[in-house]
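Just below is one structure, and these are the notes that go with it.
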Amino acid sequence: MLELRLVQGGLLKKVLESLKDLVNDANFDCSASGFSLQAMDSSHVALVALLLRSEGFEHYRCDRNLSLGMNLNNMAKMLKCAANDDIVTIKADDASDSVTFMFESPNQDKIADFEMKLMDIDSEHLGIPEAEFQAIVRMPSAEFARICKDLSTIGDTVVISVTKEGVKFSTRGDIGTANIVCRQNPSIDKPEEATIIEMEEPVSLTFALRYMNSFTKATPLANQVTISLSADLPVVVEYRVAEMGYIRFYLAPKIEE
Amino acid sequence: LKSQTRIARFYRFS
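Going line by line, the protein sequences match chains S and C. Each residue of the first sequence is one higher than the one before, starting from 10 at the first, in the numbering used here. Each residue of the second sequence is one higher than the one before, starting from -19 at the first, in the numbering used here.
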């Protein structure tokens, strides 16, 4: 028996909106510690890892570990039917082939339940080690989204370079080139507007902008985004999900052929 | 030209 009640149901709506264009089908893993997901995009170039810790739910019952295979587009369609301030409850029986989403309005005058069929999904679970990164950039998520959107009108790839001067986003395309430099800015009065760079050593990596733009669908979840870089390793683009967890996108770098 | 690497190359055996 699984029963997860999330007062901030709007968070789950935002999570699905940030996942559904990148991943078609995925297994949500439910355990005593939380509700999580790991899935690759259809090209197997990007990976997304979601964790919503059990403590973040108002009520969290998970009698035994359960894996719920869901089509994320269909799940997003159902969650779109919830209002942003609705309380969302996810329910599933151990042997059931369906999951129920229950939406309650804050004053309890409207209660809806949507039942969705589950799927058998054969997915490869990758082991992601804890890594030391050469550079970690924390910046406003809206600024990062704006940069990725702007650069993708010029070119297909972005070179992210971190030096002690700041972080530089560069692209080139048929019409020309573009460089955007963001300097460190502690912004003590408004921490959500800060740009903080922790650098062990300079690093420069190339990534496909199409995926970066897809990751920025998570922008409504958090004011800040964290971009972690190391030479020849996937970049990690992380958005915090309130106090309860995170959504992390991993993207393999482009390499010289 | 630059080619895209698959993500599993980095994490499959870790």
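The C-beta atom is built at its ideal place from N, Cα and C for all residues, glycine as well.
| Item | Value |
| --- | --- |
| Can you list, in chain order, the residues of the stretch 41 to 57 of chain S whose Cβ is nearer than 9 Å to any Cβ on chain C? | Met49, Asp50, Ser52, His53, Val54, Ala55 and Leu56 |
| Give every residue of the same chain whose Cβ lies closer than 7 Å to the Cβ of Asp50 of chain S, excluding the five residues on either side of it in the sequence, and list them in chain order. | Leu31 and Val32 |
| If you draw a straight line from the C-alpha of Tyr69 of chain S to the C-alpha of Thr162 of chain S, how long is it? | 44 Å |
| Nearest-angstrom Cα distance between Ser(-6) of chain C and Asp38 of chain S? | With a pLDDT of 46 at Ser(-6) of chain C, under the threshold of 50, the modelled position of that residue is not reliable, and no figure is offered here. |
| For a cutoff of 8 Å on Cβ pairs, would you count Gly136 of chain S as touching chain C? | yes |
| So for Glu201 of chain S, helix, strand or coil by DSSP? | helix |
| Report yes or no: is there a C-beta of chain C within less than 8 Å of the C-beta of Pro262 of chain S? | yes |
| Tell me whether Met273 of chain S is buried or exposed, calling it buried when 16 or more other Cβ atoms sit within 10 Å of its Cβ. | Absent from the structure is residue 273 of chain S, since the part of chain S shown begins at 10 and ends at 266. |
| Where does Ser(-6) of chain C fall in DSSP's three states? | With a pLDDT of 46 at Ser(-6) of chain C, under the threshold of 50, the predicted position of this residue should be treated as unreliable, though the coordinate-derived value follows. Ser(-6) of chain C falls in the coil class under three-state DSSP. |
| Could you tell me the alpha carbon to alpha carbon distance between Ser80 of chain S and Met87 of chain S, rounded to whole angstroms? | First, the amino acid is wrong: residue 80 of chain S is Asn here, not Ser. The straight-line gap from Cα to Cα measures roughly 11 Å. |
| Pop quiz: Lys127 of chain S and Asp106 of chain S are said to be a contact at Cβ under 8 Å. What is the actual Cβ separation, rounded to whole angstroms? | Checking the sequence shown, residue 127 of chain S turns out to be Leu, not Lys. Going by Cβ atoms, the distance from Leu127 of chain S to Asp106 of chain S rounds to 5 Å, so yes, they are a contact pair. |
| When DSSP labels each residue in this structure, what does Thr109 of chain S get in the three-state scheme? | strand |
| Mapping DSSP to helix, strand and coil, what is Lys173 of chain S? | coil |
| For Lys126 of chain S, list the residues DSSP reports as bridge partners. | S:Ser107 |
| Leaving out five residues on either side along the sequence, give the residues of the same chain with a beta carbon under 7 Å from the beta carbon of Asn188 of chain S. | Lys177 and Ser179 |
| Tell me whether Arg(-11) of chain C is buried or exposed, calling it buried when 16 or more other Cβ atoms sit within 10 Å of its Cβ. | exposed |
| Under the three-state reduction of DSSP, which class applies to Leu81 of chain S: helix, strand or coil? | helix |
| Should His53 of chain S and Ile(-13) of chain C be called a contact, given that it needs their Cβ atoms to be closer than 8 Å? | yes |
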